[in-house]
Amino acid sequence: MKEERKDILRRFGETGYVADPQLAMAVLMMQRLQRPLLLEGDAGVGKTEVGKGLARVLDTRLIRLQCYEGLDANAAIYEWNYQRQLLAIKIWEQEEISASEKEQHIFQEDFLLRRPLLEAISQETPPVLLIDEIDRADEEFEAFLLEVLSDFQISIPELGTIEAKSVPYVVLTSNGTRELSDALRRRCLYHYVDYPDEGKEIRILQARMPGIDLRLAGQVVRFVQSIRKEDIDKKPGIAETLDWAAALVGLEIADLREDPEAVYDSLLCLLKTDHDRRAVSPEITERIVGKVA
Amino acid sequence: MASAQNIPALPVLSDPLLRLVRFLRMLRDNGYVVGAAEAHDAARFLDGDEMLSADELRQGLRSLLCTTTADWRRFDEMFDAFWLRRGLKRVATVSGSGPQGLRRLPGSGPATKPSVLAAAVERSAADGGEQAGPAGTRQRGASAAESLEKADLRQISDPEELARVHELTARLAARMRSRLSRRERERRKGRRIDLRKTIHRNIAHGGTPIELFRRQRRDKPLRIVVLLDVSGSMNHYSLFFLRFILGVLDNFRQAEAFVFHTRLVHISEALKERNAEKALERMTLISQGWSGGTKIGESLDAFNRLHAQRVLNSRSVVMVVSDGYDTGSSDKLGESLIKLRRRCKRIVWLNPMIGWSGYEPVAGGMAAALPHIDLFAPAHNLESLAALEPYLAKL
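Just so you know, the sequences run in chain order A and B.
Every number in the working numbering is 29 more than the matching position in the first sequence, counting from 1.
Every number in the working numbering is 745 more than the matching position in the second sequence, counting from 1.
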């Protein structure tokens, strides 16, 4: 088990995702128990990245289903290709084929548009199925998803039941805008993704921007970490840290103390609301810079 | 007390599976949702070919057994307490109490039975029985009659006024409903053509779509849940709002009503009682403890725990009617409102005090509640209620 976990960690590292041992364990358990993994955490802590990274680690396809309010089975599982169906009917118009035969013909797999869920269970090698922001879909869809995730089969009235060729690795993410049902939670392994600590965030920064100066990376990360502790509406996530670091490198700033004005102006990469912008004034910026440099 | 019996005595056991079972039981006592399926998977995990290190055990069990952020955050404490025997005392006090205590699987809670039993034993042991019962029961004999009388007093003084209030409230509720259902009908016309059905049904015409089938968007009707504060400070308004609730229950297809003071009572059923005498009887039973103190936070918490899952859906509007004067903790109020928010579409807080000139929502409870509610509106007279209509119709 130790070896397998180390292996998972190493491969996460190679793909540029900095994972912790707890996540490696969760992935290992996903493989062993064939359960979905539910990721929760604030927006911007890199939940979706876990799914993407996992696909690279397992060297398999990533199939993504983005949830939204009003997402229904048609958009998530399958839809018939109506244009092709109509065309097919037109083509056979002259031929002597009975209506029921035509019907049988146009409801075959050729005319089926596979949406993510159906696509995921009809792969020969198990793919990673990333169901993003499940809390945005409504309860009905959640209940339906639960059924698919426990049986891994989908029934299509015109075709019959389609069994999974392989059981996909399912990763669900939630921002907690709506309480998920206990049943779904119980079905899943759970992993809470927190904001990374200083050391981890520096490693992430280095993994994503290999050329970055170590001193600047440290300053950037410590700055963002203290900004997160300020009283602001929208805490900057990891993507914001990366953006900001890229901006600073682009502005050729090697040390935050060099050019306070430019640093303050570049904060628009981190602070995305008017309130936050005002909460972090130039004076506060300077104070934090002094502390982290 | 009772739950302490369920903390295992922790003898050193050679059989790891037995220890695991005890650990799971401890988690369950602390509000973790651990069913047979989780136990099975945990056993499979433990029973692998190799020895697990403490860290591996911790991480594996954490992934498997946590279902919420709160579980996740407390897991280390639980794990250390059980496997490493650290901080045992604190955990013992955590168990069985608090909001987590009730979130257990049906039939899986070993703590429920003993605690009821223990409470009964305690009650029979204590001669007065006063400490054991909740605050309301102590005044059983007197308060039932007294509180209804008190509540009626002001309104009954003018029967005509009373009739007018009732009529207007009912009409208002009916108008809200007609607004909502008209909106529903407009949707039913269906903006999109249902291609699947159209093609299916037109095969007989050689595929030429002659008959069009439209897609009807199913619309869930708006559900209204009213939580009415009937504590002492709300005395003047309780009956008025009770009538409003009656109108709501009669006129909305989906509506539920609760009253709260120091605890929460579900009153929809009692109010729907057609037989007036029986209704009065039921209300009398329910009204024990009216006109006393208020624990808004705890009442909302009780609602979250016991009723929310059944009563609320994403098309629900929760209407809290209260002046915000709270004798409970205002932190708790904030917390339970955050939880409530996640489960419903809108929280409307009607406060009769806003109508009073010079009123500022500074009452401790109100200040804690404000950030979490969608609409904070006055409700001191009928006009102010009527002003809500456009807001509700828009939802």
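Every residue, glycine too, gets a C-beta built ideally from N, C-alpha and C.
For clarity, every value in this text was computed on a predicted model and none was experimentally measured.
Under 8 Å by beta carbon: chain A residues contacting residue i
i	result
residue 780 (chain B)	215
residue 775 (chain B)	The premise fails here: residue 775 (chain B) is roughly 16 Å from chain A at the closest Cβ pair, so nothing lies under 8 Å.
residue 1059 (chain B)	167, 168, 207
residue 790 (chain B)	58, 61, 62
residue 956 (chain B)	What residue 956 (chain B) touches in chain A: nothing, since even the nearest Cβ is about 14 Å away.
residue 786 (chain B)	62, 64
residue 801 (chain B)	30, 31, 34, 54
Neighbouring residues, chain B, relative to residue i (Cβ below 9 Å)
i	result
residue 132 (chain A)	945, 948
residue 267 (chain A)	The contacting residues do not exist; residue 267 (chain A) stays about 19 Å from chain B at best.
residue 118 (chain A)	944, 947, 948, 951, 952, 953
DSSP-derived helix/strand/coil call for residue i
i	result
residue 314 (chain A)	helix
residue 189 (chain A)	strand
residue 197 (chain A)	coil
residue 224 (chain A)	coil
residue 1121 (chain B)	strand
residue 40 (chain A)	helix
residue 308 (chain A)	helix
residue 90 (chain A)	coil
residue 777 (chain B)	coil
residue 808 (chain B)	helix
residue 271 (chain A)	helix
residue 30 (chain A)	coil
residue 282 (chain A)	coil
Proximal chain A residues relative to residue i, where beta-carbon distance stays under 7 Å
i	result
residue 1072 (chain B)	Residues of chain A passing the Cβ test: none, with the nearest at roughly 28 Å.
residue 804 (chain B)	50, 51, 54
residue 809 (chain B)	58, 218
residue 793 (chain B)	30
residue 1014 (chain B)	Per Cβ cutoff of 7 Å: no residues; residue 1014 (chain B) is ~25 Å from chain A at best.
residue 814 (chain B)	69, 221
Closer than 7 Å to chain A by CB, residue i
i	result
residue 1088 (chain B)	yes
residue 817 (chain B)	yes
residue 760 (chain B)	no
residue 940 (chain B)	yes
residue 821 (chain B)	no
residue 1081 (chain B)	no
residue 1046 (chain B)	no
residue 1039 (chain B)	no
Any C-beta of chain B under 7 Å from that of residue i
i	result
residue 218 (chain A)	yes
residue 60 (chain A)	no
residue 22 (chain A)	This structure gives no information on residue 22 (chain A), because the portion of chain A shown stretches from 30 to 322.
residue 69 (chain A)	yes
residue 306 (chain A)	no
residue 139 (chain A)	no
residue 105 (chain A)	no
residue 33 (chain A)	no
residue 221 (chain A)	yes
residue 259 (chain A)	no
Per DSSP, the bridge partner or partners of residue i
i	result
residue 974 (chain B)	B:1005
residue 184 (chain A)	A:190
residue 66 (chain A)	A:200, A:218
residue 1061 (chain B)	B:968
residue 83 (chain A)	The partner list for residue 83 (chain A) (beta bridge, DSSP) is empty, contrary to what the question assumes.
residue 1011 (chain B)	B:1003
residue 108 (chain A)	A:142
residue 161 (chain A)	A:95
residue 1095 (chain B)	B:1066, B:1122
residue 938 (chain B)	B:959
Assumed close pair residue i, residue j - CB separation to whole angstroms, cut-off 8 Å
i	j	result
residue 145 (chain A)	residue 113 (chain A)	Rounded, the Cβ-Cβ distance is 20 Å, inconsistent with contact.
residue 86 (chain A)	residue 267 (chain A)	Rounded, the Cβ-Cβ distance is 18 Å, inconsistent with contact.
residue 283 (chain A)	residue 234 (chain A)	With 8 Å as the limit, residue 283 (chain A) and residue 234 (chain A) do not qualify as a contact, their Cβ atoms being about 15 Å apart.
residue 810 (chain B)	residue 766 (chain B)	The Cβ separation is near 13 Å, so there is no contact.
residue 1096 (chain B)	residue 1116 (chain B)	At roughly 15 Å, the Cβ-Cβ gap does not stay under 8 Å, so residue 1096 (chain B) and residue 1116 (chain B) are not in contact.
residue 157 (chain A)	residue 200 (chain A)	6 Å
residue 171 (chain A)	residue 163 (chain A)	7 Å
residue 165 (chain A)	residue 96 (chain A)	5 Å
residue 57 (chain A)	residue 34 (chain A)	6 Å
Partners in chain B for residue i, counting only beta-carbon separations shorter than 8 Å
i	result
residue 111 (chain A)	940, 941, 944
Partners in chain B for residue i, counting only beta-carbon separations shorter than 7 Å
i	result
residue 176 (chain A)	Residues of chain B passing the Cβ test: none, with the nearest at roughly 16 Å.
residue 128 (chain A)	948, 949
residue 312 (chain A)	Neighbours of residue 312 (chain A) on chain B: none; closest Cβ ~27 Å, over 7 Å.
residue 288 (chain A)	Chain B residues near residue 288 (chain A): none, gap ~38 Å exceeds 7 Å.
residue 101 (chain A)	Here the premise fails: no neighbours, minimum Cβ distance about 10 Å.
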